[in-house]
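Asker: In this note's numbering, the protein residues as written are -5 to 400.
No residue lacks a Cβ here, since even glycine has one placed at the ideal position from N, Cα and C.
Have a look at this one.
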């Protein structure tokens, strides 16, 4: 970029951040392109205390019972602190609605562009939660959630997004979806989830020495499990595979969002008598998880279809490909696109027979599996590494921020 820029960036994630798309994209890649960021948000994260991208301003705590009510005021105070440290060339808000409106107003007052980063259809998430509660009765709790969903929809789609100079979205599918709601397509840039290519170099990863993997045909699911996300589907698949792949082992390398979800998954494994065919690791440090991953022959990425996930960009499939693991994924738009472009796996409907057949094919056809494994890393480096994504975001900022508030 011709000159350095700085953005005040209000985030939903707890600070210090732990998500790779913040740590790597904004903490490492953006500074290489002359874009600094003053992070604003609430404390509660477990990431590194030092922020390589600029400054960090945590006001309030996500552990507070009043966080959902007070976070807009906290963000406004954090924004003032960021401004005192360095006047921003733009104000960007990620996945916050009330704070998005405040960010728009602050940007107008300072004469700088307002930007919005949308990584999840949060309004639709509120509506799904409202409808879940409605199935148990429409009492005061339902009324509160219904009011939140309605107010959020009005604020986001009437005031926040229309007032943004530019909107960064999670996927091309999300951009098309928002264009269908009237947002100009040329005002959006898709930034899908990526990986740090250096961390996913297979030769640098120490394979797990867990003896339970020895002599098994290992299939991997890298990520969290939850009943609401239909994680029981993984068990449906392994049940079918066990019929003709007697040494199959599904490794679920990840935690659950709650103790109840983990207890549910363990109970399901026991109920289906899959204890010897499913290894549920629980939480693992990243390098440990990758150690399990490189011992797998196939990686699974089933993502439920629907308004919440059809516009998503799952990381796990890209991680499999970066590690040289053939992927089997269902046909949400981003995954279908990744597999069509890369040729590094098989895309099937989210149906247990289809998933099992695809896994079985990769296990039984070594030539196909080897060609998929060979294609993945190069495709990821060329299209989904954070170095490549950083270049895309930097080019967008160059066009947006060069004119400042013009």
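Run through DSSP, which three-state label would residue 45 get?
Answerer: Within the chain shown, numbered from 1, the residue matching residue 45 stands at position 51. Residue 45 falls in the coil class under three-state DSSP.
Asker: Could you tell me the distance, in whole angstroms, from the CA atom of residue 369 to the CA atom of residue 330?
Answerer: Taking the chain shown and counting its residues from 1, the one referred to as residue 369 is at position 375. Taking the chain shown and counting its residues from 1, the one referred to as residue 330 is at position 336. Taking the straight line from one Cα to the other gives about 16 Å.
Asker: Pairing CB atoms from the segment 73 to 90 with CB atoms from the segment 56 to 63, are three or more of them under 8 Å?
Answerer: The segment 73 to 90 is not in contact with the segment 56 to 63.
Asker: Report the start-end ranges of each alpha helix (DSSP H) in the segment 229 to 305 that is 4 residues or longer and not cut off at the edges.
Answerer: Qualifying alpha helix (DSSP H) stretches, in chain order: 253 to 265 and 280 to 287.
Asker: For the alpha helix (DSSP H) holding residue 367, just list the boundary residues, first then last.
Answerer: Sequence index remark: in the chain shown, residue 367 carries index 373 (1-based). Residues 360 to 377.
Asker: Unbroken beta strand (DSSP E) runs of length 3 or more, entirely within the segment 18 to 63: which are they?
Answerer: With a minimum length of 3 residues, the continuous beta strand (DSSP E) runs that stay inside the segment 18 to 63 are 29 to 37 and 48 to 55.
Asker: What beta strand (DSSP E) runs, 3 residues minimum, are completely inside the segment 50 to 129?
Answerer: The segment 50 to 129 contains these whole beta strand (DSSP E) runs: 84 to 88 and 108 to 112.
Asker: For residue 224 and residue 135, what's the separation of their Cα atoms in angstroms?
Answerer: Within the chain shown, numbered from 1, the residue matching residue 224 stands at position 230. Within the chain shown, numbered from 1, the residue matching residue 135 stands at position 141. The straight-line gap from Cα to Cα measures roughly 25 Å.
Asker: Pop quiz: residue 154 and residue 95 are said to be a contact at Cβ under 8 Å. What is the actual Cβ separation, rounded to whole angstroms?
Answerer: Here the question's residue 154 lines up with position 160 in the chain shown. Here the question's residue 95 lines up with position 101 in the chain shown. Between residue 95 and residue 154 the Cβ distance is about 6 Å, and since that is below 8 Å, they are a contact.
Asker: Just to confirm, is the Cβ distance from residue 117 to residue 147 under 7 Å?
Answerer: Taking the first residue of the chain shown as position 1, residue 117 is located at position 123. Taking the first residue of the chain shown as position 1, residue 147 is located at position 153. Yes, they are a contact pair.
Asker: From the DSSP output, in three-state form, read off residue 220 for me.
Answerer: Mapped onto the chain shown, residue 220 falls at position 226. Coil, per DSSP.
Asker: From residue 401 to residue 2, what distance separates their C-alpha atoms?
Answerer: No statement about residue 401 is possible, as the shown extent of the chain runs from -5 to 400 and does not include it.
Asker: What does the alpha-carbon distance come out to for the pair residue 17 and residue 23?
Answerer: By 1-based counting over the chain shown, the position of residue 17 is 23. By 1-based counting over the chain shown, the position of residue 23 is 29. The alpha-carbon atoms of residue 17 and residue 23 are separated by roughly 9 Å.
Asker: Output the distance between the C-alpha atoms of residue 0 and residue 30, rounded to the nearest integer angstrom.
Answerer: Your numbering for residue 0 matches position 6 in the chain shown. Your numbering for residue 30 matches position 36 in the chain shown. Rounded to whole angstroms, residue 0 to residue 30 spans 5 Å at the Cα level.
Asker: Assign residue 264 to one of two classes, buried (16 or more other C-beta atoms within 10 Å of its C-beta) or exposed (fewer than that).
Answerer: For this step, residue 264 is matched to residue 270 along the chain shown. Residue 264 should be labelled exposed.
Asker: I'd like the list of long-range same chain contacts for residue 217, defined as Cβ closer than 7 Å, with 5 residues on each side in sequence excluded.
Answerer: Reading the chain shown from its first residue, position 223 is the one you call residue 217. Same-chain partners within the cutoff: 248 and 310.
Asker: How many Å lie between residue 396 and residue 389 at the Cα?
Answerer: The residue you call residue 396 lines up with position 402 of the chain shown. The residue you call residue 389 lines up with position 395 of the chain shown. Cα to Cα, residue 396 sits roughly 11 Å from residue 389.
Asker: Name the residue from 305, 315 and 138 whose alpha carbon lies nearest to the alpha carbon of residue 214.
Answerer: The residue labelled residue 214 in the question sits at position 220 within the chain shown. Ranking the options by Cα distance to residue 214, first place goes to 315.
Asker: Using 8 Å for Cβ pairs, my map puts residue 50 next to residue -2. What's the rounded Cβ distance?
Answerer: Here residue 50 is taken as the residue at index 56 of the chain shown, counted from 1. Here residue -2 is taken as the residue at index 4 of the chain shown, counted from 1. In fact, because the Cβ distance is near 18 Å, the residues do not count as touching under 8 Å.
Asker: Which residue or residues does DSSP assign as beta-bridge partners of residue 227?
Answerer: Within the chain shown, numbered from 1, the residue matching residue 227 stands at position 233. In the DSSP output, where bridge partners are listed per residue, residue 227 has none listed.
Asker: So residue 356 and residue 320 are supposed to be a Cβ contact under 8 Å. How far apart are they, rounded?
Answerer: As a working mapping, residue 356 is identified with position 362 in the chain shown. As a working mapping, residue 320 is identified with position 326 in the chain shown. Confirmed, Cβ separation roughly 5 Å.
Asker: Relative to the alpha-carbon of residue 365, which residue among 333, 242 and 280 has its alpha-carbon at the smallest distance?
Answerer: Within the chain shown, residue 365 is the residue found at index 371, counting from 1. Taking only the C-alpha atoms, the option nearest residue 365 is 333.
Asker: Is residue 413 helix, strand or coil when you go by DSSP?
Answerer: Here the chain covers residues -5 to 400 and nothing more, so residue 413 does not appear.
Asker: Suppose the cutoff is 6 Å on Cβ atoms and the five residues either side in sequence are ignored; what does the same chain contact list for residue 133 look like?
Answerer: By one-based count along the chain shown, residue 133 stands at place 139. Cβ within range, chain order: n/a, list empty.
Asker: Short check: CB of residue 124 to CB of residue 139, under 7 Å?
Answerer: One-based indexing of the chain shown puts residue 124 at position 130. One-based indexing of the chain shown puts residue 139 at position 145. Contact flag set, yes.
Asker: Work out the CA separation of residue 282 and residue 200 for me, nearest whole Å.
Answerer: Mapped onto the chain shown, residue 200 falls at position 206. Mapped onto the chain shown, residue 282 falls at position 288. Approximately 8 Å between the Cα atoms of the pair.
Asker: For residue 367, which residues in the same chain have their Cβ closer than 7 Å to its Cβ, ignoring the five residues on either side in sequence?
Answerer: The count along the chain shown starts at 1 and reaches residue 367 at position 373. 318, 319 and 320.
Asker: What is the DSSP secondary structure of residue 177, reduced to helix, strand or coil?
Answerer: Indexing the chain shown from 1 puts residue 177 at position 183. Reduced to three states, the DSSP call for residue 177 is coil.
Asker: Decide yes or no for the touch test of the segment 96 to 110 against the segment 167 to 179: beta carbon pairs closer than 8 Å, at least 3 of them.
Answerer: No, the segment 96 to 110 does not touch the segment 167 to 179.
Asker: Taking DSSP as the reference, what is the three-state secondary structure of residue 5?
Answerer: For this step, residue 5 is matched to residue 11 along the chain shown. Here residue 5 sits in coil by DSSP.
Asker: How many angstroms separate the CA atom of residue 184 from the CA atom of residue 197?
Answerer: Along the chain shown, read from residue 1 onward, the residue named residue 184 stands at position 190. Along the chain shown, read from residue 1 onward, the residue named residue 197 stands at position 203. If I take the Cα positions, the gap works out to 31 Å.
Asker: By a C-beta neighbour count over all protein chains shown, 10 Å radius and 16 as the cutoff for buried, is residue 400 buried or exposed?
Answerer: If you number the chain shown from 1, residue 400 lands on position 406. Because the pLDDT at residue 400 is just 44, under 50, the model does not fix this residue reliably, and the point stays unresolved.
Asker: Classify residue 211 as helix, strand or coil using the three-state DSSP reduction.
Answerer: As a first step, residue 211 must be located in the chain shown, where it is residue number 217. Three-state result, residue 211: strand.
Asker: Tell me whether residue 137 is buried or exposed, calling it buried when 16 or more other Cβ atoms sit within 10 Å of its Cβ.
Answerer: To locate residue 137, count along the chain shown from 1; it is residue 143. Exposed is the call here.
Asker: Applying the 10 Å Cβ sphere with the 16-neighbour rule, what's the burial state of residue 141?
Answerer: For the purposes of this step, residue 141 is identified with residue 147 of the chain shown, where counting begins at 1. It is exposed - the Cβ of residue 141 has fewer than 16 other Cβ atoms within 10 Å.
Asker: So, residue 243 versus residue 210, is the Cβ gap smaller than 7 Å?
Answerer: To locate residue 243, count along the chain shown from 1; it is residue 249. To locate residue 210, count along the chain shown from 1; it is residue 216. A contact, by the Cβ cut-off of 7 Å.
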